[in-house]
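Counting in the numbering used here, the sequence shown runs from 18 upward without gaps.
Heads up: the structure comes next, in structure tokens.
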Amino acid sequence: MSSKNRSFAAGLMGSLDDAAPQPEAPTRMPVGILANRENRMAELASGAVVGRAIEQVDPARCRLWAEHNRDYAALDETRCADLIESFKAQGRQEVPAIVRRVRGDPDIDFEVICGARRHWTVSWLRAHNYTDFRFLVEVRELTDEEAFRISDLENRAREDLSDIERARDYLKALERHYGGRQKDMAGRLNVSEAWLSRYLDLARLPGDLVAAFSDPHDLKIKHVTQLKPLLKPDDRARRVLAEAGAIAKLKGEGSPAKPQDVIRRLVIAADPPKKSGSPKRSGSADAVVSASGAPVLRINGKKGREVSLTLLLAGGASRAEAETALGSVLDTYWPKPTA
18 MSSKNRSFAA GLMGSLDDAA PQPEAPTRMP VGILANRENR MAELASGAVV
68 GRAIEQVDPA RCRLWAEHNR DYAALDETRC ADLIESFKAQ GRQEVPAIVR
118 RVRGDPDIDF EVICGARRHW TVSWLRAHNY TDFRFLVEVR ELTDEEAFRI
168 SDLENRARED LSDIERARDY LKALERHYGG RQKDMAGRLN VSEAWLSRYL
218 DLARLPGDLV AAFSDPHDLK IKHVTQLKPL LKPDDRARRV LAEAGAIAKL
268 KGEGSPAKPQ DVIRRLVIAA DPPKKSGSPK RSGSADAVVS ASGAPVLRIN
318 GKKGREVSLT LLLAGGASRA EAETALGSVL DTYWPKPTA
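Dropping the structure here:
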């Protein structure tokens, strides 16, 4: 072949090569994905990672666990407003509730251990034109004691769970799961006995006393230290509970009373004021009140040349009234100068 023909043939073959479609590279899963999947399977096999069953279910097929610490009946649009808006914005529930499977009940599939507000919110949304919402749950196998501890851990830091809800939950669990042994319960919850004791004291407050408050959910742990001493001795307890009943009858009249206002009335009822400002004997302690009736201090007792007293800082008295009351105590107990 002449050099001219060879050049023509080479050009022709080059143009054919350019026009020919290139074969597609075979589709392969990146090595990193396979490696990650193998690592995940190895972790599951070793127990380093626990696989959880996550499901989207109908909230109507779920019930609240009998020991759930949330007052479900008290939930409403106000208490669940944050979740309602969040679910609407996201278009779904992001964090699953913890449930366990129910067997033997044709109407119920799951029992809600943690997530009452999420359950209420999804149910509310489905009833208000958001019928596509489903209840996101994580299914676990749990004993009752394990369910209690998981529920407590999830809700302990939540501000939307009231102290009295948590307190009542602890009191029920004390007998059900720990045989009344407070030390054992504190150990399992990894809290101090003193911390747990304050919650149990709140739960043990008489129902008639709690009924005096406009909303029992407003009662806090800090209020226990003010209320518990009012129930001893018996004569003071009778006066306090009688006053609590009188306050409860006034519910719905005017604006709701603040917890501290209710406590102030109960403190006064425990040791009825003596307008002169001089100490009044009641049981084992003396109460000193201001001329307006606000409790200022309580004299706990006199032993030898010592007098023990408690300043009632939350009684509502002013500093000037407190100074006057302290003056009356000094007049009563300070040694008189000898001639």
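In this text, a Cβ means the ideal position worked out from N, Cα and C, and glycines have one as well.
Neighbourhood of Val279 by C-beta distance below 7 Å, restricted to the same chain and skipping five residues each side: Excluding residues within five positions, the ones whose Cβ falls inside 7 Å are Ala229, Phe230 and Ile264.
Own chain residues within Cβ distance below 6 Å of Ala274, not counting five before or after: Once the five neighbours on either side are set aside, the close Cβ partners of Ala274 are Ser231.
Inter-residue CB distance, Glu338 and Ala311 (contact presumed, cutoff 8 Å): Indeed they touch by this definition, with Cβ atoms about 7 Å apart.
Alpha carbon of Gly224 to alpha carbon of Leu100, nearest angstrom: Cα-Cα distance, rounded: 31 Å.
Segment limits, beta strand (DSSP E) that includes Thr327: Where Thr327 is concerned, the enclosing beta strand (DSSP E) starts and stops at Glu323 to Leu328.
Helix, strand or coil at Lys268 [DSSP, three-state]: Under the three-state reduction of DSSP, Lys268 is assigned to coil, being neither helix nor strand.
Beta-carbon proximity list for Pro40, same chain, < 6 Å, skipping 5 on both sides: Interpretation of Pro40 is limited by its pLDDT of 46, a score under 50 that renders its predicted location unreliable; no figure is taken from the coordinates.
Nonlocal neighbours in the same chain, by C-beta distance under 6 Å from Leu328, ignoring five residues either side: Within the same chain, Leu314 come within 6 Å of Leu328 by CB-CB distance, once the 5 residues on both sides are set aside.
Ala342 versus Gly318 - alpha carbon distance: A straight-line Cα-Cα distance of about 16 Å links Ala342 and Gly318.
Option in Val284, Leu142 and Arg205 with minimal Cα separation from Leu226: Distances from the CA of Leu226 to each of Val284, Leu142 and Arg205 were compared; the closest alpha carbon is that of Val284.
Exposure of Ser168, with buried meaning 16 or more beta-carbon neighbours within 10 Å: Looking at its Cβ environment, which holds 16 or more other Cβ atoms inside 10 Å, Ser168 is buried.
Rounded separation between Cys131 and Val116 - CA only: Each residue's Cα considered, the two are about 7 Å apart.
Cβ-Cβ distance between Thr138 and Phe104 below 8 Å: Their beta carbons are under 8 Å apart, which means Thr138 touches Phe104 by this criterion.
Close-in-space but distant-in-sequence residues of the same chain around His240 (CB under 8 Å, 5 per side omitted): Closer than 8 Å at the Cβ level, and outside the excluded window around His240, lie Leu219, Pro276 and Ile280.
Beta-carbon gap between Leu393 and Gln199 smaller than 8 Å: Residue coverage of the chain in this structure runs from 18 to 356, which leaves residue 393 outside it and unanswerable.
Rounded separation between Tyr187 and Tyr216 - CA only: Using only the alpha carbons, I get a separation of about 7 Å.
Per DSSP, the bridge partner or partners of Arg118: Its beta-bridge partners are Phe127.
Contacts around Gly11, its chain only, beta-carbon distance under 7 Å, and the 5 residues preceding and following it disregarded: Nothing can be reported for residue 11: it is not among the residues displayed for the chain, which extend from 18 to 356.
With 16 other Cβ atoms within 10 Å as the buried cut-off, status of Glu94: Under this definition Glu94 is an exposed residue.
Beta bridge counterpart(s) of Cys79 as assigned by DSSP: Its beta-bridge partners are Phe127.
Proximity winner among Arg78, Glu155 and Glu260, relative to Ala70 (alpha-carbon distances): The shortest Cα separation from Ala70 among Arg78, Glu155 and Glu260 belongs to Glu155.
Anticipated Cβ contact below 8 Å, Phe150 with Leu142, distance rounded: 5 Å between Cβ atoms; contact.
Unbroken stretches of the alpha helix (DSSP H), 4 residues or longer, contained in the stretch 136-161: Annotation: the stretch 136-161 contains no complete segment of the alpha helix (DSSP H) (minimum length 4 residues).
Coarse secondary structure for Val208, derived from DSSP in three states: Val208 falls in the coil class under three-state DSSP.
Bounding residues of the beta strand (DSSP E) (the contiguous stretch that carries Glu84): Judged by DSSP secondary structure, Glu84 falls outside any beta strand (DSSP E); it is assigned neither H nor E.
Glu182 versus Asp235: straight-line alpha-carbon distance, rounded: Each residue's Cα considered, the two are about 10 Å apart.
Sequence-distant residues of its chain with Cβ nearer than 8 Å to Ile125 (five each side left out): Excluding positions up to five away in sequence, the list reads Arg78, Cys79, Arg80 and Val119.
Among Val324, Ala83, Val346 and Lys320, nearest to Arg185 - alpha-carbon criterion: Of the candidates Val324, Ala83, Val346 and Lys320, the residue whose Cα lies closest to the Cα of Arg185 is Ala83.
For Leu222, three-class secondary structure by DSSP: Here Leu222 carries a coil assignment [DSSP, helix/strand/coil].
Cβ-Cβ separation, Ala203 to Arg253 (assumed contact under 8 Å), whole Å: Actually they are not in contact, since the Cβ atoms of Arg253 and Ala203 sit about 30 Å apart, beyond 8 Å.
Selection from Asp75, Glu128, Thr349 and Asp251 that minimises the alpha carbon distance to Ala144: It is Asp75 whose Cα lies nearest to the Cα of Ala144.
Closest Cα partner of Asn172 within the set Arg135, Leu222 and Gln110: Checking every option, the nearest Cα to that of Asn172 belongs to Arg135.
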